[in-house]
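A quick write-up on the structure given underneath.
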Amino acid sequence: MRRSLLLLSTAIVALAVVPAAAANRPIREVIPAPPDQIFTDQCAFPVLGHIDGVEIKITFTDHAGNVVKEISVFPRNRLTLTNLDTGASINVIATGAFHARVERDGSVSIGINGHGPLPNEVAGGAPGLWYLDGGRVHATFDAEGNLTSIDSTGHVINLCDQLG
Numbered sequence: 061m062r063r064s065l066l067l068l069s070t071a072i073v074a075l076a077v078v079p080a081a082a083a084n085r086p087i088r089e090v091i092p093a094p095p096d097q098i099f100t101d102q103c104a105f106p107v108l109g110h111i112d113g114v115e116i117k118i119t120f121t122d123h124a125g126n127v128v129k130e131i132s133v134f135p136r137n138r139l140t141l142t143n144l145d146t147g148a149s150i151n152v153i154a155t156g157a158f159h160a161r162v163e164r165d166g167s168v169s170i171g172i173n174g175h176g177p178l179p180n181e182v183a184g185g186a187p188g189l190w191y192l193d194g195g196r197v198h199a200t201f202d203a204e205g206n207l208t209s210i211d212s213t214g215h216v217i218n219l220c221d222q223l224g
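61 is the number of the first residue of the sequence shown in the working numbering; add one for each residue after it.
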């Protein structure tokens, strides 16, 4: 009797573990900083952007290999922006976190937290070098990639103003 109970409990535990073992493991990548970039259409002057640090990206997939979630962090990153007309420069932390999730209907939910550069859509599409100086931005896109909502809390600033 004990032997059959042991065999049955072992079989149940094995069946419970199989789905977890069959799930795809997250993919972890360490991505070096991108090359320096010159922005000519965001401020009234050209700006050189330089990032120190790496991005650590973790990608989660479903059983078919489709991406369902990504999380990126930027430990100890710094962003240096230089006004190429005057030489004025600012250095800010860029240690925020980014996460994106693909929903069942094909829409995508994106969140940005902490400190770091933001897309112009946060400012209603206005030109500028937008920066989240603490806070959170949440955006959703429909299955076709169209922005459907955006909400931000915290302090969003245009760094062009500090470089001018």
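All residues carry an ideal CB built from backbone N, CA and C; glycine is no exception.
Outcome for residue i when other beta-carbon atoms lying within 10 angstroms are tallied against a minimum of 16
{"i": "Glu89", "result": "exposed"}
{"i": "His123", "result": "exposed"}
{"i": "Asn126", "result": "exposed"}
{"i": "Thr213", "result": "exposed"}
{"i": "Leu178", "result": "buried"}
{"i": "Gly185", "result": "exposed"}
{"i": "Thr208", "result": "exposed"}
{"i": "Gly156", "result": "buried"}
{"i": "His175", "result": "buried"}
Residue from the options with nearest C-alpha to residue i
{"i": "His278", "options": "Ile210, Asn206 and Trp190", "result": "One cannot answer for residue 278 here, as it falls past the ends of the chain, which runs 61 to 224."}
{"i": "Gln97", "options": "Phe105, Ile87, Ala104 and Ile111", "result": "Ile111"}
{"i": "Pro86", "options": "Glu181, Phe201, Thr121 and Thr140", "result": "Thr121"}
{"i": "Thr119", "options": "Pro187, Ile131 and Trp190", "result": "Ile131"}
{"i": "Asn84", "options": "Phe105, Gln102, Val128 and Pro92", "result": "Val128"}
Range covered by the alpha helix (DSSP H) that runs through residue i
{"i": "Gln222", "result": "Cys220 to Leu223"}
Residue interval of the beta strand (DSSP E) (run including residue i)
{"i": "Thr200", "result": "Trp190 to Phe201"}
{"i": "Phe158", "result": "Ala157 to Val162"}
{"i": "Phe120", "result": "Val114 to Thr121"}
{"i": "Gln102", "result": "Per DSSP, Gln102 belongs to no beta strand (DSSP E) and is neither H nor E."}
{"i": "Gly174", "result": "Val168 to Pro177"}
{"i": "Asn143", "result": "Arg138 to Asn143"}
{"i": "Pro92", "result": "Ile87 to Pro92"}
{"i": "Glu130", "result": "Val127 to Val133"}
{"i": "Asn206", "result": "Premise fails: Asn206 is in no beta strand (DSSP E) and is neither H nor E."}
Residue(s) in a DSSP beta bridge with residue i
{"i": "Gly214", "result": "Gly195"}
{"i": "Val182", "result": "Per DSSP, none; premise fails for Val182."}
Assess, as a yes-or-no matter, whether the region 158-169 is touched by the region 139-149 under the definition of 3 or more beta carbon pairs within less than 8 Å.
no
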